[in-house]
DNA sequence: CGCTTCAGATAGTTACACTATCCACTTGAA
DNA sequence: TTCAAGTGGATAGTGTAACTATCTGAAGCG
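Chains as they are written, first to last, in the numbering used here: chain F, 578 to 799; chain Y, 578 to 799.
Have a look at this one:
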């Protein structure tokens, strides 16, 4: 197929496809003439993956490129791919990490990891992100928010266990690697939205519903 | 205090503080002369909140403004504030939501909500975000990732229940409202980082550790 | 008195993610 | 066979976001 059809089938505008080609997110098609190229189903699939990362996962174009590059580079090493996908998705940090408060928060995270016997890369940026959140909460006097850090860790662990199990059930290795990436990125988007809905429900339940919702058709679901 | 000290105590550069003042994220100080103003602890606190939202929560400046505005507007209505904070944090959507596949995904989400008796705003953007993730996974043939959507919902519910309980334990209403916002934004950042760590652990455990990690000092924690 | 700092205003910068044109070819239906 | 529509590749332009820099005239302060 040529760009026009690729565009129609993926829903991505032609100029954007060209942009992704330039940026190296999408491999070039097979050239059939000086100004003609042929794209296959793998291009369509790659394009859908890119759009899932960018639109649903909120990943930047640069990070998406790193992810798809890692998909090629670590085609047989799920652990490396997971690390690459995670660090690509991890935002650039701004917080000040030199303060003693931050160091204490990081130590708390390391203790949590050690207490649970978690096997993680000690240099993983995720550790610092947890410390960032703890430090920010503490600086605003909201330490009680994360008093039960253990419960967060337990929930995370049980979700992760189920996801990894699902991924490993895939027989085809190439498809399995794609699932690693999708689980990392889409799983986060999905869970965070579900968490918001659960917040709404629990707030309404524990506070009571003081007044009718402000929208048209104001009924509460179920 | 004057800007210089506000800057030193918060770690935010003076030009950035001025920018936040211009953009209405930070209220102006009390004017003491034509070109002098006085800032208090509430300005410092507000500044720390803004930086927590932006740096740790990854919220845009525009969304941060909406959140702090909502903090003032809904000073006595936690449910409204929660809704405002959630929609401020929710990213703008790109995916195509007109396809029958997406409609089916949305129906699945609505069924899940109904089955659990969750009390949520039927028009909440979070519902659409869940449908987006489901649709993206389906378009790439990864439906098995979210076969156990129920488990995600259960985890989200138990986390949310604990957080809402923590927030309601705060006696001071103003401080409680700040906790609503912090719980929404920081809680997400924290959980998503913990989830990544849990993924590392579970992957290593279920796959086995094929080789030494690539970093210097390559030991695995604990 | 003189050096620093300040508030407020305006203008400039960098990064990002596209989007638009242009050109010299192909393609494919009439 | 013709010729509009489409194409690959290159280059340039757009709009937004989040700062960052500079300027001006007026305090603050030792």
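Even glycine gets a Cβ: it sits at the ideal position worked out from N, Cα and C. Just so it is clear, the structure is predicted and the values come from calculations on it, not from any experiment.
Residue 710 of chain F, buried or exposed, once every other Cβ within 10 Å from all chains shown has been counted against 16: Indexing the first chain from 1 puts residue 710 of chain F at position 133. Answer is buried; the Cβ neighbour count reaches 16.
Write down the C-beta distance between residue 626 of chain Y and residue 757 of chain Y rounded to the nearest angstrom, noting that I regard them as a contact closer than 8 Å. As a first step, residue 626 of chain Y is located in the second chain; it is residue number 49 there, counting from the start. As a first step, residue 757 of chain Y is located in the second chain; it is residue number 180 there, counting from the start. Their Cβ separation, rounded to whole angstroms, is 12 Å, which puts residue 626 of chain Y and residue 757 of chain Y out of contact at 8 Å.
For residue 639 of chain F, which residues in chain Y fall below 9 Å Cβ to Cβ? By one-based count along the first chain, residue 639 of chain F stands at place 62. The contacting residues do not exist; residue 639 of chain F stays about 16 Å from chain Y at best.
Would DSSP call residue 618 of chain Y helix, strand or coil? As a position in the second chain, residue 618 of chain Y is number 41, starting the count at 1. Helix, per DSSP.
Which residue's Cα is closest to the Cα of residue 681 of chain F: F:755, F:707 and F:604? Residue mapping note: residue 681 of chain F aligns to position 104 of the first chain, counting from 1. Of the candidates F:755, F:707 and F:604, the one whose C-alpha sits nearest the C-alpha of residue 681 of chain F is F:707.
State the Cα-Cα distance for the pair residue 786 of chain F and residue 776 of chain F, rounded to the nearest angstrom. Within the first chain, residue 786 of chain F is the residue found at index 209, counting from 1. Within the first chain, residue 776 of chain F is the residue found at index 199, counting from 1. Each residue's alpha carbon lies about 14 Å from the other.
Taking 8 Å as the threshold (beta carbon to beta carbon), is residue 584 of chain F in contact with chain Y? Translated into positions along the first chain, residue 584 of chain F becomes position 7. Not closer than 8 Å to any Cβ of chain Y, the Cβ of residue 584 of chain F fails to qualify, so no.
With a threshold of 6 Å on Cβ separation, who are the neighbours of residue 665 of chain F within its own chain once the five nearest residues in sequence on each side are excluded? Counting from 1 along the first chain, the entry for residue 665 of chain F is found at position 88. Within the same chain, residue 665 of chain F has close Cβ partners 640, 643 and 644.
Beta-carbon separation of residue 772 of chain F and residue 765 of chain Y under 8 Å? In the first chain, counting from the first residue as 1, residue 772 of chain F sits at position 195. In the second chain, counting from the first residue as 1, residue 765 of chain Y sits at position 188. Between residue 772 of chain F and residue 765 of chain Y, the CB-CB gap stays under 8 Å.
What residue from F:689, F:635 and F:714 has the CA that sits closest to residue 679 of chain F's CA? Translated into the one-based positions of the first chain, residue 679 of chain F becomes position 102. Minimum Cα distance to residue 679 of chain F is reached at F:714.
For the alpha helix (DSSP H) containing residue 593 of chain Y, name the first residue and the last one. On the second chain, residue 593 of chain Y is found 16 positions in, with the first residue counted as 1. Run containing residue 593 of chain Y: 591-600, per the alpha helix (DSSP H) assignment.
Going by DSSP, what residue range makes up the beta strand (DSSP E) through residue 800 of chain Y? With chain Y covering only 578 through 799, there is no way to say anything about residue 800 of chain Y.
For residue 817 of chain Y, the first and last residue of its enclosing alpha helix (DSSP H): Given that chain Y is displayed from residue 578 to residue 799, the structure contains no residue 817 of chain Y and the question cannot be resolved.
Measure the alpha-carbon distance for residue 791 of chain Y versus residue 737 of chain F and round it to whole angstroms. In the second chain, the residue the question calls residue 791 of chain Y occupies position 214. In the first chain, the residue the question calls residue 737 of chain F occupies position 160. Confidence is the limiting factor: at residue 791 of chain Y the pLDDT is only 46, short of 50, which leaves the residue's position unreliable and the question unanswerable from this model.
Can you have a look at residue 677 of chain Y and say buried or exposed, based on whether 16 or more other CB atoms are within 10 angstroms of its CB? Translated into positions along the second chain, residue 677 of chain Y becomes position 100. Exposed, by the Cβ-count rule.
Opening and closing residue of the alpha helix (DSSP H) in which residue 729 of chain F lies: As a working note, residue 729 of chain F is residue 152 in the first chain. That run of the alpha helix (DSSP H) goes 726-745.
For residue 619 of chain F, which option in F:650, F:578 and F:653 has the closest C-alpha, if you only look at C-alpha atoms? For the purposes of this step, residue 619 of chain F is taken as residue 42 along the first chain, with counting starting at 1. Among F:650, F:578 and F:653, the Cα nearest to that of residue 619 of chain F belongs to F:578.
Between the Cα of residue 719 of chain Y and those of F:745, F:769, F:583 and F:783, spot the shortest distance and give me the residue it belongs to. For the purposes of this step, residue 719 of chain Y is taken as residue 142 along the second chain, with counting starting at 1. Distance from the Cα of residue 719 of chain Y is smallest, within the candidate group F:745, F:769, F:583 and F:783, for F:745.
Verify whether the separation of the beta carbon atoms of residue 761 of chain Y and residue 662 of chain Y is less than 8 Å. In the second chain, the residue the question calls residue 761 of chain Y occupies position 184. In the second chain, the residue the question calls residue 662 of chain Y occupies position 85. Contact flag set, yes.
Considering only DSSP beta bridges, list what residue 613 of chain F is partnered with. Counting from one through the first chain, the residue named residue 613 of chain F turns up at place 36. Per DSSP, F:610.
Could you tell me whether the stretch 728-742 of chain F touches the stretch 585-602 of chain F, using the rule of 3 or more Cβ pairs below 8 Å? no
Give me the residue from F:601, F:697 and F:778 with the minimum Cα distance to residue 691 of chain Y. Mapped onto the second chain, residue 691 of chain Y falls at position 114. Comparing alpha carbon positions, the residue from F:601, F:697 and F:778 closest to residue 691 of chain Y is F:778.
Where residue 606 of chain F and residue 583 of chain F are concerned, what is the direct C-alpha to C-alpha distance, given to the nearest angstrom? Position 29 of the first chain holds residue 606 of chain F. Position 6 of the first chain holds residue 583 of chain F. For residue 606 of chain F and residue 583 of chain F, the distance between alpha carbons rounds to 11 Å.
Measure the alpha-carbon distance for residue 604 of chain Y versus residue 694 of chain Y and round it to whole angstroms. For the purposes of this step, residue 604 of chain Y is taken as residue 27 along the second chain, with counting starting at 1. For the purposes of this step, residue 694 of chain Y is taken as residue 117 along the second chain, with counting starting at 1. Taking the straight line from one Cα to the other gives about 41 Å.
Determine the burial state of residue 623 of chain Y: buried for a count of at least 16 other Cβ atoms within 10 Å of its Cβ, exposed for fewer. Position 46 of the second chain, counted from the start, is the residue given in the question as residue 623 of chain Y. Buried: at least 16 other Cβ atoms inside 10 Å.
Locate the alpha helix (DSSP H) running through residue 784 of chain Y, then write down its first and last residues. Locating residue 784 of chain Y in the second chain gives position 207, counting from the first residue. Element bounds for residue 784 of chain Y: 750-784.
Roughly how many whole angstroms lie between the Cα atoms of residue 651 of chain Y and residue 697 of chain F? Against the second chain, residue 651 of chain Y aligns to sequence position 74. Against the first chain, residue 697 of chain F aligns to sequence position 120. Each residue's Cα considered, the two are about 42 Å apart.
On the DSSP letters alone, give me the boundaries of the alpha helix (DSSP H) that residue 885 of chain Y sits inside. Here chain Y covers residues 578 to 799 and nothing more, so residue 885 of chain Y does not appear.
To the nearest angstrom, report how far apart residue 566 of chain F and residue 646 of chain F are at their CA atoms. For residue 566 of chain F there is no data in the structure shown, the boundaries of chain F being 578 and 799.
Answer yes or no: do residue 668 of chain Y and residue 588 of chain F have a C-beta to C-beta separation smaller than 8 Å? Position 91 of the second chain holds residue 668 of chain Y. Position 11 of the first chain holds residue 588 of chain F. Not closer than 8 Å, so no.
Looking only at its own chain, which residues have a Cβ that is under 8 Å from the Cβ of residue 740 of chain Y, when we skip the five neighbours before and after it? Position 163 of the second chain, counted from the first residue, corresponds to residue 740 of chain Y. Result list for residue 740 of chain Y: 760 and 764, in chain order.
So, with DSSP's three-state summary, where would you put residue 715 of chain Y? The residue you call residue 715 of chain Y lines up with position 138 of the second chain. In the structure shown, residue 715 of chain Y adopts helical secondary structure according to DSSP, grouped into three states.
Just the chain Y side, please: which residues come within less than 8 Å of residue 704 of chain F by C-beta, in chain order? The count along the first chain starts at 1 and reaches residue 704 of chain F at position 127. Counting only Cβ-Cβ distances below 8 Å, residue 704 of chain F has contacts in chain Y at 770 and 774, in chain order.
Which residue from F:767, F:750 and F:784 puts its Cα closest to that of residue 648 of chain F? Taking the first chain and counting its residues from 1, one reaches residue 648 of chain F at position 71. Out of F:767, F:750 and F:784, F:750 has the C-alpha closest to the C-alpha of residue 648 of chain F.
According to DSSP, simplified to helix, strand and coil, what is residue 652 of chain Y? As a position in the second chain, residue 652 of chain Y is number 75, starting the count at 1. Here residue 652 of chain Y sits in coil by DSSP.
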